[in-house]
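When you line the sequence shown up against our numbering, it's residues 1 to 338, in that order. C-beta: ideal position from N, C-alpha, C; glycine also. To keep things clear, I will list the structure first and then write my remarks on it.
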Amino acid sequence: MDGEHPGTPPAFTTQWQEWLAESLLSGVAHDEIVTVMRQRGFTPEVARQLIATQEGATAFRVAHRLLGEHRKLRSLTDALSDQWSQSPQAKAVPVMDPPDPETFFEHFYFANRPVVVRGLVDRWPALHKWSPDYFVQEFGDAVIEISADRQGDPRFEENFLAHRREVTVREFVAHIMADEGNDRYVVARNQMLQRPVFRRLLDDIRHLPGFLAPVALGHAKLWFGPAGTVTPLHHDDSNILFVQIRGSKLVRLVEPHNLPCLYGDRSGRSPVDLGGVDLTRFPAMRDVPVTEATVRGGEALLLPLGWWHWVASLETSISLSFVGAFDLSGHSTSWRYA
Ligand SMILES: O=C(O)CCC(=O)C(=O)O
């Protein structure tokens, strides 16, 4: 928009058109717009005429209406996240002990609130059998896919395909027992339990009547790694029951109404590191409440639909997640946003 010669009326370039549309849609007063345009060589009459033409254009009027709806929705999410921040549950995830399906659905699943459930999987043989040593003993020579060399790549999730490696269970366990950290991790997307050789592991988990639909068991997703793995902040599009089989994990959560402050991409990943938020890079995070839970072996955590979560393993860890397959008479809701 610079570089106009005094006395020569400037061209109303695409850049000017976008500036004008953006200023009007952001609510800048006409007089202020005219002042800026005058300083750049437009006469006040031409500036006012351009404003009138812009405001009369069909595309502008549609954008104005949609923006009004967007602002109203945004102010609602701001109000709801403010209200949530006053709840005691915003400080720490509540614990349900013993498990009770009615309370689980009524107070947590349908209320879209996370909860740690104790005692839910007490009867699963996996709790007592599964360990790195057990996996070596039973499947030592079997080949698995892992997510590797992650520490040097801040976008290792987006670049998932480039980080896939094949190793034997024996090699993997030897590595994770020797080295903590985020460099080697069997994640859900590696689909370990989908390989036929590992299917018999599913015999060690049991139907959870009232909580999970029987079909859920066949779709269990495995997470297996050393202390120090980190799954970066993201949200999923369904409710998840996350079951810790062995070891413990720290889970930090952000309530969905804070979505506009999380710098997320279209797929639901956020660059914000909840291990230590950089407020210079992400100032909108300043007032966002972060809720925390430590999930220990034998405990389950409801990760409700749309909740952002960041997960760090505190010890050698084996976990399972069950996505969107709850024992409901209706259907499991999912969030279609693409
Ligand atoms: O355990 C982890 O590292 C991540 C779990 C997770 O993000 C999920 O189940 O959605």
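Query	Result
Which residue from Leu253, Arg155, Gly119 and Ala29 puts its Cα closest to that of His309?	Leu253
For the stretch 232 to 250 against the stretch 260 to 274, do three or more pairs of beta-carbon atoms, one drawn from each stretch, fall closer than 8 Å, so that the two count as touching?	yes
Should the stretch 32 to 49 be called in touch with the stretch 66 to 80, which here means at least 3 C-beta pairs below 8 Å?	no
Work out the CA separation of Pro9 and Ile51 for me, nearest whole Å.	16 Å
Would you decide whether Ser317 is buried or exposed? Buried here means 16 or more other CB atoms lie within 10 Å of its CB.	buried
Starting from the N-terminal side, write out each stretch of the beta strand (DSSP E) that is 3 residues or longer and does not extend beyond the stretch 229 to 291.	230 to 235, 240 to 246 and 248 to 254
With a 10 Å radius around its C-beta and 16 neighbouring C-beta atoms as the bar for buried, classify Leu302 as buried or exposed.	buried
Does the stretch 109 to 124 touch the stretch 192 to 208, meaning 3 or more C-beta pairs lie closer than 8 Å?	yes
In whole angstroms, what is the alpha-carbon distance linking Leu66 and Pro101?	41 Å
Distance check for Thr294 and Pro260, CA to CA, integer angstroms please.	26 Å
Closest by CA to Asp179, which one among Asp149, Thr13, Ser85 and Gly298?	Asp149
For Ile176, is the beta carbon positioned less than 7 Å from some heavy atom of ligand 1?	no
Can you tell me whether Leu314 sits near ligand 1, meaning its C-beta is under 7 Å from at least one heavy atom of the ligand?	no
Cβ of Leu303 within 7 Å of any heavy atom in ligand 1?	yes
Use the C-beta contact count for Arg286: other C-beta atoms within 10 angstroms, 16 or more gives buried, fewer gives exposed.	exposed
Note down, in chain order, each residue of its chain lying with its Cβ closer than 7 Å to the Cβ of Asn159, except the 5 sequence neighbours on either side.	Asp153
Determine whether the beta carbon atoms of Leu222 and Leu314 lie at a separation below 8 Å.	no
Roughly how many whole angstroms lie between the Cα atoms of Glu32 and Leu73?	28 Å
Quick check: does the Cβ of Ile51 come within less than 7 Å of any heavy atom belonging to ligand 1?	no
Note down the Cα distance separating Leu262 from Gly276, rounded to an integer number of angstroms.	14 Å
Within the same chain, show all residues whose beta-carbon is closer than 7 Å to that of Asp2, passing over the 5 residues directly before and after it, in chain order.	Only weak support exists for where Asp2 lies, its pLDDT of 48 falling under 50; the coordinates are left without a value.
So what does DSSP say about Tyr185, is it helix, strand or coil?	strand
Three-state secondary structure (DSSP) at Thr13?	coil
Within this structure, are the beta carbons of Pro256 and Gly306 separated by less than 8 Å?	yes
Would you mind sorting Met177 into buried or exposed? The rule is 16 or more other CB atoms within 10 Å of its CB.	exposed
Expressed to the nearest angstrom, what Euclidean distance is found between the alpha-carbon atoms of His107 and Thr291?	17 Å
Kindly indicate the opening and closing residues of the beta strand (DSSP E) around Ser319.	Ser317 to Val323
For the alpha helix (DSSP H) containing Arg118, list its first residue and its last residue.	Looking at the DSSP string, Arg118 is not in any alpha helix (DSSP H); the run it does join, the beta strand (DSSP E), is Val115 to Arg118.
Suppose the cutoff is 6 Å on Cβ atoms and the five residues either side in sequence are ignored; what does the same chain contact list for Ala142 look like?	Val169 and Val197
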